[in-house]
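Inspection log for the structure reproduced underneath, given as structure tokens.
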Amino acid sequence: MPSSPSTIPSAIPSTLICLPTYEEAGNLPLMIEAIHAVVPTAHILVIDDNSPDGTGVIADEIAAQDDRVYVLHRTAKEGLGRAYIAGFKWALARDYALIFEMDCDFSHQPKYLVDFIASAQSADVVLGSRYIPGGGTQDWSPFRKLISRSGNVYAQAMLGLPYKDLTGGFKCFRREVLEALPLDDIFGGGYVFQIELTYRSVKLGFRVAEVPIIFPDRVRGESKMDKSIVLEAVRNVWKLRLRVH
Numbered sequence: 013m014p015s016s017p018s019t020i021p022s023a024i025p026s027t028l029i030c031l032p033t034y035e036e037a038g039n040l041p042l043m044i045e046a047i048h049a050v051v052p053t054a055h056i057l058v059i060d061d062n063s064p065d066g067t068g069v070i071a072d073e074i075a076a077q078d079d080r081v082y083v084l085h086r087t088a089k090e091g092l093g094r095a096y097i098a099g100f101k102w103a104l105a106r107d108y109a110l111i112f113e114m115d116c117d118f119s120h121q122p123k124y125l126v127d128f129i130a131s132a133q134s135a136d137v138v139l140g141s142r143y144i145p146g147g148g149t150q151d152w153s154p155f156r157k158l159i160s161r162s163g164n165v166y167a168q169a170m171l172g173l174p175y176k177d178l179t180g181g182f183k184c185f186r187r188e189v190l191e192a193l194p195l196d197d198i199f200g201g202g203y204v205f206q207i208e209l210t211y212r213s214v215k216l217g218f219r220v221a222e223v224p225i226i227f228p229d230r231v232r233g234e235s236k237m238d239k240s241i242v243l244e245a246v247r248n249v250w251k252l253r254l255r256v257h
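So for the sequence shown, the numbering used here puts the first residue at 13; every next one is plus one.
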């Protein structure tokens, strides 16, 4: 069983949270504060894609005052997958044991971080799952729920994976996983990027676990999800099945 959200494991490995941002000026300071309220020792890498709303400037100002916060500036918006790959490479050039993916819009709630860390003591990849007991969504339209569940069932069937939430982006990797993954060969973006990371990890023999999370709709800003991301996932799951053995 995962630990209580209020219980921090006694020994926390060196942890980096990769936090991609694009126009998250209203959320970023609050998210950094919320993360450190739960896991004070965690380092945070803000990966900003040249946000026009000044998110990158805000990140720099926070980093100048907090030595647990770092900023990676990218010159253009190239997608969430590319941002995470850049963050992973940055992490591997340093001495982190656990590396997280996490959104900045509070759909990924910091209170669950300790559950991930506890689960990572026995698993190599930990997935935040909306679709196991204890997990769920809040304030989603029926159509969004249908698309999400259908995409996960489709990916499970096509790839032969037992995990209930393959498209979620709240994840934790042990360092050894990212060292083994061919990061330059990851081709997916959007939802399929998340599916691909888990599928490749399983194919390499790593242990995967799921922890339940409640996933509310974002409070501030606009969702980055659109039809093109969903259609890409449908096409590329087949490509993933054919290319990765």
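For each residue, glycine too, the CB sits at the ideal point set by N, CA and C.
What you are looking at is a predicted structure, and each value in this text was computed from that prediction instead of being measured.
Restricting attention to R156, A103, V51, the CA atom closest to the CA of P228 is found in R156. Between E45 and C116, the CB-CB gap reaches or exceeds 8 Å.
Distance from the CA of E73 to the CA of F112, rounded to the nearest whole angstrom, comes to 23 Å.
Nearest to P32 by alpha-carbon distance, out of V256, G99, I70, is G99. Under DSSP, I59 shares a beta bridge with P32, L84.
Under the 10 Å beta carbon count, L158 is surrounded by fewer than 16 other beta carbons and is classified as exposed. At the C-beta level, L57 and Y82 come within 8 Å of one another. In the DSSP annotation of this structure, the continuous segment of the beta strand (DSSP E) that includes G140 starts and ends at 137–141.
The continuous alpha helix (DSSP H) containing V189 extends over residues 187–192. Residue pairing by DSSP places K183 opposite E113, L139 in a beta bridge.
As DSSP reads the structure, A221 sits in a beta bridge with V138. When secondary structure is reduced to three states using DSSP, F205 falls in the helix class. With a threshold of 16 other beta carbon atoms within 10 Å, L125 meets it and is buried. Distance between S213 and D197, taken at the CA atoms: about 13 Å. Q133 has its alpha-carbon roughly 17 Å from the corresponding atom of F182.
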